[in-house]
Structures are given as structure tokens and as C-alpha cells.
Amino acid sequence: MYFHLILTDECNLCCTYCRAKAFLDLEESEGERALKIDEDLPIDLAFDLELLYQFLKKDPDPTLTFYGGEPLMRADLVETIVRNCPGQRFMMQTNGLLLDRLSPAVVNRFSTILVSLDGTKELTDANRGAGVYDRVMKNVRTIRANGYTGELIARMTVTESTRIVDAVRHLASNPDYAFSSIHWQVDANFAGDYALREFRDWATRDYNPGIRTLVSYWVNQMAETGTVLKWYPFLDPMEDLLRGKKSRLRCGSGYANYSIMTDGNIGPCPVMIGMSRYYVGHISDADPKNLPTVSIGNECRTCSILDFCGGRCLYSNITQPWGEEERQLVCGTVQNLHDALHEALPRVRELIRTRKISLQDFAHEKFNGCEIIP
Ligand code: SF4
Ligand code: SF4
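In our numbering, the protein residues as written are 5 to 378.
Written out as C-alpha cells, the structure reads:
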């Protein structure tokens, strides 16, 4: 089983699409207003770590992903847990600024590290703060130089400021960047700001056509170099198309991937912090092998591409942050991705048949913090 461990709600950044939205006077959706959030949840992890170790011991194959806020605000806890935890597989989602707080011996124990960047230096610094890009890249180069050989995923949040083709190609093209893989997630939760945004224009003029350009480039790279680039929004669904597999929610939340809150309660997703109605147990007495599932509902259940999409996001599916227009736009981006990958499928099959690439080239770690459907 996969578990996100929320170490702290504190963060050392205030990104435009994340914490900075708290300073805008935005209206919550009906679904969000109806949610009961546990206001007493501690800001930092506040349970005996022995409880965590005993809980994980009951799982024959646990994977622990450190999450925040910014998890490296509590680098001390990361060091302690990696050195003492019974599990052997560790992952982390970090903004990368404090990676130098961890000892190389601990960093090198991680199988996967997701580092948030938004593409180019200009865009990353505009969204995340001046100088962030250079500091993160310095840390990324340092951990590689210190012997980190695990998967390093550049994770972008994409908004109307993102030219998706340029951003992905930028991160993919420079060998100095040392990233093994790329993932991106569209900032489409809207959080009451849809009227202030130009999402429709951007999705129609830039993002959706850009995805088609990138899929073409991705398949051309297979043909020309025999390499299947690890671009998660393409890689995971394409592998399923090739194997003829249907997918549940691709991030695994609520059935393969759970989140341990700072008080030890277990929720289905790391974003559903304090959403106690959806908690499935507590680490003190839950059995990690038999946690209740939390399933996708609402309009997704009758969607014609549910087997491809999986429902995109449990959190959105529950909180229903969208009106009908917004929902159609977001789901339109999924349909566009579905269509682009389906159109590329015969060519990919042919490349496998002629042994230019193999099906094994699509192998990847499932549930590694990539949401997959952007
Ligand atoms: S495309 Fe939209 S409605 Fe269909 S499964 Fe995905 S999120 Fe649900
Ligand atoms: S995609 Fe949605 S349900 Fe999955 S981890 Fe992200 S916020 Fe949670």
C-alpha cells in the first residue's frame, strides 16, 4: 500500500496558484461550504512515531511518501523516519528549496523525489518567487552529484501563464537538469476564481492543441531514438491502452494510496486534509491491508471515458468546485488527451511490433504522487 505522510502544513513558499489564493476574496462552491473540516488538526505531525512504525509493520510492502505543506520544513522528521521506519520504500513531494537539509545517505534511500518547477526559469520564478528556479536546480544537481540515482520527477502546475509545449520541452531538453520524468497538473480547481481567469481561452488556444503537439513529439522520439520519455500524463494511460486495461482513479487515492494526517487519522487523499467525514481509520488500530475504499461518484459514473480517466480527482469529485461550464472545460481537456493518445496508439503499436521500442519501456512506478490525468 502507498501512504502519504503529512509532516506539516507549513510551507516556505507562497505560490500564486496555491497559498497566495488565500489572500484573495474568493467564494467557496456549495460543495466546499458543505464540507466539515477538522479545525483542530495539528499543524505539525503530532503522534508518537512508534504508532506509525507499528502500523506500517502490518503492511508487507508499504511505501511512504513525505508530503506537506513543504515536508522539508521538517527535515528532522524525514531523517528520523527514514532511518527508523520498517518500510524500505520512500518517496517525497517537495519544492526542492530545502533538499540540502537532508544528509546524502538519507536522500539516497529515496526511490522517487518529485520536485515542483513550472517549466522555464522565468515562469517558475514568476509563480514561485524570485530566485527559486536557480536554488532548486542547484539542489537537484547536488543530490545527483552526491549519488542519488532514483527517479527525479519535475512536477509542474500549469495555468494560463504556461505555454505547455515550451514548458515540457524546456524541462525535457537540457541534460543538465537531471530529471528522469515530467508530470504536470492543470490548476483547475478554480477555488472561486473562475470568473477572474481566462481558462476557456487558454484551454482552447494553447493547452489542448499543445497536448496534441506534445503527443506527436513523444511518439516521434520513440521512432527516432527508441526512447519512451517518462511523461506521466502520456505514459500511464498509454501503457493501459497498449495492455487493454481499464483504469480506476489513476492517482490511487482511496483504494491504493492513502494519507496519514498530522493527528494519525487516515484519509483517502493528501489534499483532503481535515475532511474527517472521509477518514477511513486511525494508525493506532487500522489494518493497512484492509482499509475501506472511497470511490468516485457523481457525473463520472456515467461518463463515456471513465475507464480512461478514472475520475481524474477524488477531491474535486467530492467537493464539486465547478459549475457546469467549468466542468465541461476541464473534462474537455481529458477528452482531448484521450483522443490524442488513441490517435497515436496504432503508430505506437507498430513501433513495438517492429521492435523499435518495447512494451516494457512503458513500465513505471504506479501511485508515485503523479495525479496522471492533468
Ligand atoms: S472526463 Fe470528467 S466526467 Fe469523465 S470521468 Fe473524467 S472527470 Fe469524470
Ligand atoms: S488527483 Fe485529486 S484525489 Fe488524487 S491525489 Fe490529487 S487531489 Fe487527491
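Just so you know, even glycine gets a beta-carbon here, dropped at the ideal spot from N, CA and C.
Values in this document were obtained by computation on a predicted structure and should not be read as measured data.
Nearest by alpha-carbon distance to Ile-85: which of Val-110, Ile-376, Leu-103 and Ala-171 is it? When only C-alpha atoms are compared, the closest one is Val-110.
With distances taken from CA atoms, which of Asn-261, Glu-329 and Thr-323 is nearest Pro-296? Out of Asn-261, Glu-329 and Thr-323, Asn-261 has the C-alpha closest to the C-alpha of Pro-296.
Could you give the DSSP three-state label for Ile-270: helix, strand or coil? Looking at Ile-270 - three-state DSSP - the assignment turns out to be strand.
Taking just the CA atoms, how far does Ala-207 sit from Ile-215? Straight through space, the alpha carbons of Ala-207 and Ile-215 are spaced by roughly 10 Å.
Where the beta strand (DSSP E) containing Asn-261 begins and where it ends: Unbroken beta strand (DSSP E) run through Asn-261: 261-264.
Please check the pair Cys-335 and Asn-321, which I expect to be a contact at CB under 8 Å, by giving their CB distance rounded to whole angstroms. Incorrect: roughly 11 Å between the Cβ atoms, too far for contact.
Nearest by alpha-carbon distance to Gly-73: which of Pro-90, Glu-83, Cys-89 and Ile-47 is it? Nearest C-alpha to Gly-73 among Pro-90, Glu-83, Cys-89 and Ile-47: Ile-47.
Give me the Cα-Cα distance between Thr-323 and Arg-357, rounded to the nearest whole angstrom. If you take the alpha carbons of Thr-323 and Arg-357, they lie about 44 Å apart.
Buried or exposed for Arg-78, please, with buried defined as at least 16 other CB atoms from any protein chain shown within 10 angstroms of its CB. Buried is the call here.
8 Å Cβ shell around Tyr-152 - same chain, five flanking residues per side excluded: Cβ within range, chain order: Pro-108, Val-111, Asn-112, Phe-114 and Ile-117.
Got a sec: does ligand 1 put a non-hydrogen atom nearer than 6 Å to the Cβ of Gly-315? Relative to the non-hydrogen atoms of ligand 1, the Cβ of Gly-315 comes within a distance shorter than 6 Å of at least one.
Determine, using beta-carbon pairs with one atom in the stretch 10-25 and one in the stretch 240-256, whether at least three such pairs fall under 8 Å. Flag = no, the stretch 10-25 and the stretch 240-256 do not touch.
Under DSSP, the beta strand (DSSP E) around Leu-295 begins and ends at which residues? Segment: none, Leu-295 is in no beta strand (DSSP E) and carries neither H nor E.
Can you tell me which residues form a DSSP beta bridge with His-2? Because the chain spans 5 through 378 in this model, residue 2 falls outside it and cannot be assessed.
The stretch 190-199 touching the stretch 224-238, judged by at least three CB pairs closer than 8 Å: Taking 8 Å as the limit for Cβ pairs, the verdict is that the stretch 224-238 does not touch the stretch 190-199.
Answer yes or no: do Ile-287 and Leu-56 have a C-beta to C-beta separation smaller than 7 Å? Yes, they are a contact pair.
Output the distance between the C-alpha atoms of Cys-19 and Arg-132, rounded to the nearest integer angstrom. One C-alpha to the other measures close to 5 Å.
Entirely enclosed alpha helix (DSSP H) segments - the stretch 45-126, minimum 4 residues: Correct list: 53-61, 79-88 and 108-111.
Judging by CA-CA distance, which residue of Phe-194, Arg-173 and Ile-157 is the nearest neighbour of Thr-163? Taking only the C-alpha atoms, the option nearest Thr-163 is Phe-194.
So who's on the other strand from Met-160, going by DSSP bridges? Met-160 pairs with Trp-188.
Considering only C-alpha positions, which residue in the set Gln-97, Lys-61 and Asn-88 is nearest to Arg-70? Reading off the sequence, residue 70 comes out as Phe, not Arg. When only C-alpha atoms are compared, the closest one is Gln-97.
Under the three-state DSSP convention, the category Lys-25 falls into: Here DSSP, grouped into helix, strand and coil, assigns Lys-25 to helix.
Does the beta-carbon distance from Ser-177 to Ile-157 come in below 7 Å? Taking 7 Å as the cut-off, the beta carbon of Ser-177 is found no closer than this to the beta carbon of Ile-157.
Per-residue DSSP class, three states only, for Glu-155: Note: Glu-155 maps to strand in three-state DSSP.
Straight-line gap, Asp-289 to Ser-165 (C-alpha atoms, nearest Å): Spanning the two alpha carbons is a distance of roughly 46 Å.
For Glu-375, is the beta carbon positioned less than 6 Å from some heavy atom of ligand 2? In this structure, the C-beta of Glu-375 approaches ligand 2 to less than 6 Å from one of its heavy atoms.
Any chance the CB of Glu-329 is under 6 Å from a heavy atom of ligand 1? Here the distance from the Cβ of Glu-329 to the nearest heavy atom of ligand 1 is not below 6 Å.
If we ignore side chains and look at the alpha-carbon of each, how far apart do Arg-316 and Ile-309 end up? The C-alpha of Arg-316 lies about 11 Å from the C-alpha of Ile-309.
For Lys-234, which beta-bridge partners are listed by DSSP? Beta-bridge pairing links Lys-234 to Ser-185.
Can you tell which of Ile-376, Met-5 and Arg-148 has the C-alpha that lies nearest to the C-alpha of Gly-91? Comparing Cα positions, the closest option is Met-5.
Per DSSP, the bridge partner or partners of Gly-278: Answer is none; Gly-278 lacks a bridge partner.
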